[in-house]
Amino acid sequence: MSDFIPQLVQQLFNGLSLGAIYALIAIGYTMVYGIIGMINFAHGEIYMIGAYVGLVTLSAIGVGSGLPIALIIFIMLVIAVLVTAVYGYAVEKVAYAPLRGGPRLVPLISAIGMSIFLQNWVAIGQGARDMAVPALITGAWQFHIGEYAVTAPYSRIMIILVTLVLMIMLHFYIKHSRLGRASRACSQDLRMANLLGIDTNKIISFTFVVGAMLAAVGGVLIALAIGKLNPFIGFLAGIKAFTAAVLGGIGSIPGAMLGGVLLGLAETFAAAYISSQYKDIVAFGLLVLILLFRPTGLLGKPEVEKV
Amino acid sequence: MASNIKNAFIAAIMAGVIIAPVYGLQIVRSGMQTHLEPEWDLVFIGMGIVFVFQAFIRPLIGKLLGKRGSAIRLPVLHDRSRRAAILLLIAIALIFPFFMGRAEVDIATLVLIYVMLGLGLNIVVGFAGLLDLGFVGFYAVGAYTYALLYHWAGWGFWEALPLAGAMSGLFGYLLGFPVLRLRGDYLAIVTLGFGEIIRLLLINLYGFTGGPDGISGIPKPTVFGMPMTRRAPEGQTTFHEFMGWQFDNMDVIIYLYLMALALALITLFVSNRVIRMPIGRAWEALREDEIACRSLGLNPTNIKLSAFTMGATFAGFGGAFFAARQGLVNPESFTFLESALILAIVVLGGMGSQVGVILAAIVLTVLPEVAREFAEYRMMIFGLVMVLMMMWRPQGLLPMTRPHVELNR
C-alpha cells in the first residue's frame, strides 16, 4: 500500500491532462447544442484536422530550424486555429445552415455525412496510415513521494496550462464581450434574441468558429504529447467529448469543462485500476448511465417541454 | 453583381485555406524527419471551381428554380403502383441467379442482406421515428449468437437462426427499456454508445468470442439437414448426392442467394403488414407527435419498445445469415460505419418507404462494386451524398405516401 498515494497522484495527473483535451473539444459541442439544439457530429473531425494542420505547420517550419520551441508551438497553434476556424465556418454554412428549421433528424444525419466526408477528405489528402509527429517537447518533471517517482511529461503539463488559460479567456469573453453576451442571449431564446435585433446567423457561425478553434488547440496539443495521429482519431475523441459535455450538462460551458475533467479522470482510473482495454467501455457506459439517470447533467438546467 | 463577385472571392479564399493544408501541402516522411511537398495546382483548381460556382452558377440555379417553382419532382408512389413494383422486383429477383455469373449473384446476396437490415432499421427510424445509430450492434449479436452456438455447442444454422433473432430481440428490449424515455438526439447517442459497447466487448472478451480474430469455420446452412459441401461428414448424404448432381460451387451460391431472398421477403412482408396493424399506426402517430399520443392514452414507452425490439430481431436474423455466408465473424464487420451505411440506406430510400429502402440498398451496394477504380473516394462521396440528400431531398428518393383523404374544394 505504500505506493498507493504516488500512484494516485500519477493517475490524477494523467487524467487531468486527458480531461483537459476532452474539455477543449466538449465546449464546441455544448455551445452549438446550447444555441441551435443540434449535435455537431463533425466536431471530432475538426479536432483531427486541427492536429493535421499543426503537423503541416511544424513540417513547414522544420524541427531543426533553430527557432525557439515555444515560438514554434505558438505558430502551430495560431495557424491550426485560423485554418480550423475557416473549417468550422464552412461546415456550418454548407451542411447545417440550409437545413435549419426542418425536422430534428435531418441536420443530425447531415452531420454524420459531414463527419464521414471529412475523415476521408483527410485520409485521401494526407494518407490513411499513422503519421509520426516529431517530439518537440521532451523530458519530464519528476518528483518523489516517499520512494516512488511521479513523472509529469512537460508536454502534458503544457496541455493543462494552455487549457487553463484558454478556459479563463473564454469565460471572460463570453461573460463580458458583445458577441459573448449575444450568444448567451441566443442560447436562452433564439427567436426572441432575433426579434431584439441580434444577428442570429452571425452568432451561430461564431459558436461554430469558437468551438472549432478550441478543438484545434486540443488536436495540436495531443498530437505533440502522443506523437502520432491518423485521420480517424476524431470519431472516438468526438464521442468522448460529447460524453463530457453531457456529463457536465449540455449547453453549459462550465459544465463542459467539469465534465471533460471528470471523464478524463474516470477513464484514466479505469485504465489503471480495472483494465486498460475497458477504458473505452467505461466512457461509453458512463455516457449511457448519465443520460439515463441525469439527462440534464451535473450543471445543466432541465429542459422544459413546450407544447 | 458586385457583391456577388465579392462573396465569391471570399468563398474562394476560404476554399483555398481549407484545401491547402490537406491537399496543397502533402506531408512526406523521410527518415526521422517530415517535410512538405507542395502541390499548389490542386488548391488553385479548387479555388477556381468555388469562385465560378459562387459567382455564376449559384445565382443561375436560383433563377431557374425560382422560375419553375418547386424544382424537380420525383414520382411519389401510390399504393397500387407500389404493389406492382414490388411484385415485379420479386419476379426479377427469383429468376436472376440462374442467368448470372458467380460474382453477380454474390453481390446480389450482399444487396439482399442490406435490404433486410434496411427494412429492419426502417421499422425503427422510418416508422417509429427513433434514430438508432447502434443498429449494427444487434446485427453483431445475431451473427455472434450463431457463431458462438456453433463454436461452443455445435449447433447448426437452422437451429441457431430463431435463437439469433430472439437474442437480438432480447438485446433490443433490454437496451431499449431504459433509453426510450430519452428525446431524439440523446437516443441517437445512447444507441451509438451501446453499439460501440457491444463491439468493444466482442473484442475484449477474448476467451469467449475469440477477440479481434473472431470465430471462423462457421458452416453454411444445410438443405433439410443435408450439407451443401463437396464431401459430407460421416454418415450424412450431401445435397448434390441426394439429387444425383455433380457438385458445383455455384449451387451453394445460388442457394445462399435464394435464402437471403426468402429472409428479405419475410422482412418485407412482416413490416408491410405490421404497419397496417394498430401497433404500426401507433408508431406513426408517435413519430408525428408524441405529446398528442400521450394525451390520447397511448403508452409511448411500450410502443417504442415494440418497434425497437422488432427492428433488432430482423437485424439478428440478418446477422446469423451473414455469419453463415461469410463463414467467419469478427468485430471489424460491426463498426459504426456499418450503422451509418444502413442508416444511409433508410434515409436515401425515404424514411418509411419500403420500395425506397430496397432501391437504396441496391444503389449503395452495387455502385461501390461497379466503381472499383474510385474505391479510394467511395467513403468520401458517400458522406457527401448524405449531406446533399439532406439538403435537396430530405424525404428520400421514393418517399412514402401515407393513407389520407383529401378534401376537394
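In the order they appear, the protein sequences are chains A and B. Numbering-wise, this note's numbering comes out as the position in the first sequence, counting from 1, plus 34. Numbering-wise, this note's numbering comes out as the position in the second sequence, counting from 1, plus 858. Where a beta carbon is used, it is the ideal one built from N, C-alpha and C, also for glycine.
query: Interface partners of HIS893 of chain B on chain A, CB under 8 Å; result: SER93, GLY96
query: Rounded separation between MET1025 of chain B and ILE55 of chain A - CA only; result: 39 Å
query: Element boundaries [beta strand (DSSP E), containing ILE179 of chain A]; result: 174 to 179
query: Neighbour list for PRO1036 of chain B in chain A, Cβ cutoff strictly below 7 Å; result: LEU326
query: Per DSSP, the bridge partner or partners of HIS893 of chain B; result: B:VAL886
query: Alpha-carbon to alpha-carbon, GLY984 of chain B and GLY1214 of chain B; result: 11 Å
query: Closest Cα partner of GLY319 of chain A within the set B:GLY1000, B:ILE1056, B:LEU1222; result: B:ILE1056
query: The beta strand (DSSP E) enclosing TYR1008 of chain B, as first and last residue numbers; result: That residue, TYR1008 of chain B, is in no beta strand (DSSP E); it is neither H nor E in DSSP.
query: Three-state secondary structure assigned by DSSP to SER310 of chain A; result: helix
query: Distance, ALA275 of chain A Cα to ILE284 of chain A Cα; result: 11 Å
query: Own chain, CB closer than 6 Å to VAL994 of chain B, minus 5 neighbours either side, in chain order; result: GLY1053, PHE1192, GLU1196, SER1197
query: Minimum Cβ-Cβ distance from ASP314 of chain A to chain B less than 8 Å; result: yes
query: Exposure of SER1211 of chain B, with buried meaning 16 or more beta-carbon neighbours within 10 Å; result: buried
query: Within chain A, the residues that ILE1055 of chain B reaches when beta carbons sit closer than 7 Å; result: ILE315, PHE318, GLY319
query: Backbone CA spacing between LEU58 of chain A and LYS262 of chain A [nearest angstrom]; result: 19 Å
query: beta-carbon ARG215 of chain A near the ligand PLP non-hydrogen atom, thresh 7 Å; result: Here there are no bound small molecules, and the ligand PLP is not part of this structure.
query: Residue-level contact to chain B via CB, MET165 of chain A, 8 Å cutoff; result: yes
query: Contact set for LEU1040 of chain B: own chain, Cβ-Cβ below 8 Å, skip 5 residues either direction; result: VAL1048
query: Contacts around ILE208 of chain A, its chain only, beta-carbon distance under 6 Å, and the 5 residues preceding and following it disregarded; result: GLY214
query: Endpoints, beta strand (DSSP E) assigned at ALA183 of chain A; result: 182 to 187
query: Per-residue DSSP class, three states only, for LYS127 of chain A; result: helix
query: Buried versus exposed, by CB contacts within 10 Å (16 or more), MET1238 of chain B; result: buried
query: CB of VAL87 of chain A within 8 Å of CB of THR118 of chain A, strictly; result: yes
query: Which of helix, strand or coil DSSP assigns to ALA94 of chain A; result: helix
query: Within-8 Å CB hit, LEU979 of chain B to chain A; result: no
query: Residue-chain proximity (MET1248 of chain B, chain A), Cβ-Cβ < 8 Å; result: yes
query: Neighbour list for MET148 of chain A in chain B, Cβ cutoff strictly below 7 Å; result: GLY1241, VAL1245
query: Three-state class that DSSP yields for MET165 of chain A in the structure shown; result: strand
query: DSSP state of PHE867 of chain B mapped onto helix, strand, coil; result: helix
query: Cβ contact check for the segment 905 to 919 of chain B and the segment 1058 to 1073 of chain B: 3 or more pairs under 8 Å; result: no
query: Contact check, ALA1182 of chain B vs TYR1004 of chain B, beta carbons under 8 Å; result: yes
query: Proximal chain B residues relative to VAL184 of chain A, where beta-carbon distance stays under 7 Å; result: Going along chain B, no residue has its Cβ under 7 Å from VAL184 of chain A, so there is no contact; the nearest lies around 29 Å.
query: Cβ-based neighbour list, ALA245 of chain A, same chain, cut-off 8 Å, excluding 5 preceding and 5 following; result: Here residue 245 of chain A turns out to be Gly, not Ala, going by the sequence shown. Only ILE61, GLY62, TYR63, MET65, VAL66, ASN74, HIS77, ILE80, GLY122 meet the Cβ criterion.
query: Residues near PRO1158 of chain B by beta carbon distance below 8 Å, same chain, minus five either side; result: LEU1038, LEU1144, GLU1148, CYS1151, ARG1152
query: Alpha carbon of PHE1035 of chain B to alpha carbon of PRO1020 of chain B, nearest angstrom; result: 22 Å
query: Chain B within 8 Å of VAL90 of chain A, Cβ atoms only; result: yes
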